[in-house]
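Trainee: Structure in structure tokens, see below.
Protein chains: 2
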Amino acid sequence: MTLLLTNDEVERLVTMRECLDVMERAYAELGQGVGVSRTVSQIFSPTAHAQDAVYALKSMDGVVPFLGVAAIRLTSEILTWPKDASGRAKKVRIGAAANGRFIGLVMLFSTTTGEPLAIFPDGIVQRLRVGATTGLAAKYLARADATEVAMLGCGHQAHAQILAIAEVRKVRRVRCYSPNAEKRVAFAWDMAERTGIAIEASPSPQQAVRGADMVLCATNSFSPVCLADWIEPGVHVSSIARRARAENVRQGRCAGRALHRRTAGHDRCEPRRHPGRGNRAMRRAVRAALAERQLPNLYDLVLGRAQGRTAPQQVSCFLNYVGLGYQFAAVGAIVHRNAHAQGIGRELPTDWFTEDVNP
Amino acid sequence: MTLLLTNDEVERLVTMRECLDVMERAYAELGQGVGVSRTVSQIFSPTAHAQDAVYALKSMDGVVPFLGVAAIRLTSEILTWPKDASGRAKKVRIGAAANGRFIGLVMLFSTTTGEPLAIFPDGIVQRLRVGATTGLAAKYLARADATEVAMLGCGHQAHAQILAIAEVRKVRRVRCYSPNAEKRVAFAWDMAERTGIAIEASPSPQQAVRGADMVLCATNSFSPVCLADWIEPGVHVSSIARRARAENVRQGRCAGRALHRRTAGHDRCEPRRHPGRGNRAMRRAVRAALAERQLPNLYDLVLGRAQGRTAPQQVSCFLNYVGLGYQFAAVGAIVHRNAHAQGIGRELPTDWFTEDVNP
């Protein structure tokens, strides 16, 4: 049977602790050249949805041999880049499917039989794997006595970032910031209740960052959300978005930096005559990828092949913005294992997704 | 509703004529830089299925804007390379899924809503798109008065090759060859009945090729199946497998050659310590890709930007061995359109494959 799961089911099926544990072992296997990942590819094209929108088909895949699982994650999206009140552009996904829904799917396969094991939406797993990666890097890079967190961004990703960081350090306080005052207050209340950690909303990013030992950026803003001068000695900074990362990261003023995976394999397909921002974004991505090839990978830290922080006053930093199909395979395998053990999910006949024709 | 189709349904839903027509328009759009394709990527990894087997996850995708359709084709396979009686290696796919089945899937998406339109196995579409591509190239490269065909290989792909070639030239006779005598005789009987063309089984590849105007290679043999000296002036040669192509193609003795798409974008991911043939195969593929970058693309012929045959006595040749996700989008769109119009297929709730979480 092929299991069809919902986001709600995925959320109930796996803990952040399980995600961190499986990712740590999976990263070691990746660094040893046993695990394999294909980084993201994207196709952009015009869409009949709207003149200023773009259709994007994105996919990434990976195989985690010790779990016997392969995964492909794919998204089929309508994207726009509207400007906010301050004139800053932000990527916005349009829920253009029936009932205002989005399309992001993870498909898991057995490497023993090839069979599709499970199909589920990517929404929850996406946050779990990003959060777990941030947590794993902080485990290896942040000061052992780090306790105060600045959370820049109060969206969906921020939830998982806090859950993950709380698994690897004794977090005593979080200050969160979003330009939307209501959102940051609601986030602080919600997360305080869920985690038991003291969480307060800060009126500015600078106030959130002041005194923090760990600064986590999780926003889709196109502008940097944290300036270099704000970062005090000994702080660990991480960001899940290239543009949103702290300015001092851009300026190379960090020790113990790690990319979770170099972007060199990044494969981006675009129509040559695509109108709009695609080509500029691609050139930027290529330039950034070349510069970042110097950085060690997260798996180098996990395997002890690269040194992270060597003194408490160093600033460390983690660039967590290249999605790996591999991460979906690792976290997805745990989701599937637990769903199978607990009898959760809709069982579809595997024959629906297999064939007797040898192509 | 998302349509789930079977191979049998796909086969009934679309004709080779429809495939050729949609591919011709789609290739023009690809050459104009409007259509987009990501060529194949593959991950190989060890499998618990057997020591001498390899697990492979393969994917390719593409968007055909004039159809408003995106497609991803993915295969999840257990592969082996056993040697036949003569010591020649052949790639063999193991049906390791329940009931001895294989896993190859095409997923179609709307570029207007992002929604999954259809999911179906790749077996039939795979042959249709390869056959249609061979036919399209022959339309632009073979002599207008070509009537005799040599079909080297009598497997599943060969069926579609003959259907396609018969759509673009007045085929009067086909001589087919397979090293398996029973297979070639059965193929000749079956195809003669299906097409009304005179088809005979030849006892050797050389006899099949003698006197032919068009030589179609469709085998998964690792060795060349057709030697340069056999090819007479004026012949059009095409091959769907790199290794099986005629020797004179390898030696560059052809006019009007066309690759259906350069292989430069080919993206192959392998574990660094993969045991066995993977790395050798990759190096060969890279060398071949570099050499073939000189050749025009099929879309250059369709758009009249490259010249094919300029004299009847020239040998022309078509290398049809880089699968494009784009082809699956083009042919798949017709399958979906016809299925929808005729009310064929199992309707699954689209909400099963969409989500309310904005990842």
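As they're listed, the protein sequences go chains A and B.
Residues 0 to 358 in numbering that gives the first Met the number 0 are what the first sequence lists, from first letter to last.
Residues 0 to 358 in numbering that gives the first Met the number 0 are what the second sequence lists, from first letter to last.
From the three backbone atoms N, C-alpha and C, an ideal C-beta is built for every residue, glycine too.
Name the chain B residues that come within less than 9 angstroms of A/Glu114, Cβ to Cβ?
Mentor: Under the 9 angstroms cutoff, chain B gives Ser75, Ala95, Ala96, Ala97, Arg100 and Ile102.
Trainee: So, helix, strand or coil for B/Cys316, using DSSP?
Mentor: Residue state, collapsed to three classes: strand.
Trainee: Is it buried or exposed for B/Gln312, if we count other Cβ within 10 angstroms and need 16 for buried?
Mentor: Its Cβ having fewer than 16 others within 10 Å, B/Gln312 is exposed.
Trainee: Closer than 9 angstroms by beta-carbon distance: list the chain A residues that pair up with B/Asn6, in chain order.
Mentor: Glu354, Asp355 and Val356, listed in chain order.
Trainee: Mind listing which residues of the segment 24-42 of chain B have their C-beta closer than 8 angstroms to chain A's C-betas, in chain order?
Mentor: Hits within the stretch, in order: Gln31, Gly32, Val33, Gly34, Val35, Ser36, Arg37, Ser40 and Ile42.
Trainee: Whose Cβ in chain A lies nearer than 7 angstroms to the Cβ of B/Ser58?
Mentor: Those are Ser58, Asp60 and Ile71, listed as they occur along chain A.
Trainee: Taking C-alpha atoms, which residue in B/Ala131, B/Ala159, B/Cys153 and B/Arg172 lies nearest to B/Ala145?
Mentor: Out of B/Ala131, B/Ala159, B/Cys153 and B/Arg172, B/Arg172 has the C-alpha closest to the C-alpha of B/Ala145.
Trainee: Give a yes or no on whether the minimum CB-CB distance between A/Phe108 and chain B is below 7 angstroms.
Mentor: Judged by the 7 angstroms Cβ criterion, A/Phe108 is in contact with chain B.
Trainee: By the three-class DSSP mapping on this structure, what secondary structure does B/Gln41 have?
Mentor: Reduced to three states, the DSSP call for B/Gln41 is strand.
Trainee: Is it true that the CB of A/Glu166 sits closer than 7 angstroms to the CB of A/Met15?
Mentor: In contact: A/Met15 and A/Glu166 (Cβ atoms closer than 7 angstroms).
Trainee: For the putative contact between A/Thr112 and B/Ala95, defined by C-beta atoms under 8 angstroms, what is the C-beta separation to the nearest angstrom?
Mentor: So it is a contact: roughly 5 angstroms between Cβ atoms.
Trainee: Give a yes or no on contact between the segment 301-312 of chain A and the segment 112-130 of chain A, applying the rule of three or more CB pairs nearer than 8 angstroms.
Mentor: Touching, no, given that fewer than three Cβ pairs across the two stretches are closer than 8 angstroms.
Trainee: Looking at the structure shown, is A/Ala191 part of a helix, part of a strand, or coil, going by DSSP?
Mentor: Three-state DSSP puts A/Ala191 in a helix.
Trainee: Are A/Gly134 and A/Leu297 close, meaning C-beta to C-beta below 7 angstroms?
Mentor: Not closer than 7 angstroms, so no.
Trainee: Does B/Gly122 have its Cβ less than 7 angstroms from a Cβ in chain A?
Mentor: Chain A, which has a Cβ nearer than 7 angstroms to the Cβ of B/Gly122, makes this yes.
Trainee: Identify whether A/His155 lies in helix, strand or coil by the three-state DSSP scheme.
Mentor: Correct three-state label for A/His155: helix.
Trainee: Counting only Cβ-Cβ distances shorter than 9 angstroms, please list the residues of the segment 211-240 of chain A near chain B, keeping chain order.
Mentor: Cβ contacts with chain B: none found.
Trainee: Please confirm whether B/Ala137 and B/His235 have their CB atoms less than 7 angstroms apart.
Mentor: Closer than 7 angstroms, so yes.
Trainee: For A/Gly67, which residues in chain B fall below 7 angstroms Cβ to Cβ?
Mentor: Here the neighbours are Ala47.
Trainee: Any beta carbon from chain A within less than 7 angstroms of B/Arg304's own beta carbon?
Mentor: No, B/Arg304 does not count as interfacial toward chain A.
Trainee: Pull the bridge partners of B/Glu76 from the DSSP assignment, please.
Mentor: In DSSP, B/Glu76 forms a bridge with B/Ala55.
Trainee: So, at 7 angstroms on beta carbons, what are the nonlocal neighbours of A/Lys182 in its own chain, with the 5 sequence-adjacent residues on each side left out?
Mentor: If we look at A/Lys182 and ignore the five residues flanking it on each side, its Cβ neighbours are Cys153.
Trainee: Which class does B/Arg11 belong to by DSSP, given the choice of helix, strand or coil?
Mentor: Helix at B/Arg11.
Trainee: Can you give, in chain order, each stretch of the beta strand (DSSP E) that sits fully within the segment 112-168 of chain A and has at least 3 residues?
Mentor: Correct list: 115-120 and 147-151.
Trainee: Let me know if B/Glu28 comes out buried or exposed under the rule of 16 or more other beta-carbons within 10 Å of its beta-carbon.
Mentor: The residue is buried, with at least 16 neighbouring Cβ atoms inside 10 Å.
Trainee: How about the segment 95-107 of chain A and the segment 336-356 of chain B: do they share at least three Cβ pairs that are nearer than 8 angstroms?
Mentor: Result yes; three or more Cβ-Cβ pairs closer than 8 angstroms.
Trainee: Since I believe B/Leu116 is in contact with B/Leu359 (beta carbons under 8 angstroms), could you give me their beta-carbon distance rounded to a whole number of angstroms?
Mentor: For chain B, the structure presents residues 0 to 358; residue 359 of chain B sits outside this window and is missing.
Trainee: Can you tell which of B/Leu104, B/Lys89 and B/Thr309 has its C-alpha closest to the C-alpha of B/Ala141?
Mentor: The candidate whose alpha carbon is nearest that of B/Ala141 is B/Thr309.
Trainee: Using C-beta distances below 8 angstroms, list every residue in its chain close to A/Pro81, excluding the 5 sequence neighbours before and after it, in chain order.
Mentor: Ala88, Lys89 and Val91.
Trainee: Could you check what DSSP says for A/Leu4 in three-state terms: helix, strand or coil?
Mentor: In this structure, A/Leu4 counts as coil in the three-state DSSP scheme.
Trainee: Decide if the segment 68-83 of chain A is in contact with the segment 318-333 of chain A; the criterion is three or more beta carbon pairs, one per stretch, under 8 angstroms apart.
Mentor: Because the criterion of three Cβ pairs below 8 angstroms is met, the segment 68-83 of chain A and the segment 318-333 of chain A touch.
Trainee: Would you mind stating whether A/Gly324 and A/Ser36 have Cβ atoms separated by less than 7 angstroms?
Mentor: Yes, these two residues count as a Cβ contact at 7 angstroms.
Trainee: Note down the Cα distance separating B/Leu151 from B/Tyr320, rounded to an integer number of angstroms.
Mentor: When rounded, the distance between both Cα atoms is 15 angstroms.
Trainee: Does any residue of chain A have a CB that is nearer than 7 angstroms to the CB of B/Gln326?
Mentor: Cβ-Cβ to chain A under 7 angstroms: no for B/Gln326.
Trainee: Where B/Arg336 and B/Ala180 are concerned, what is the direct C-alpha to C-alpha distance, given to the nearest angstrom?
Mentor: So the two alpha carbons sit approximately 40 angstroms from each other.
Trainee: Check the Cβ of B/Leu3 against every Cβ in chain A and list those closer than 9 angstroms, keeping chain order.
Mentor: Trp351 and Phe352, listed in chain order.
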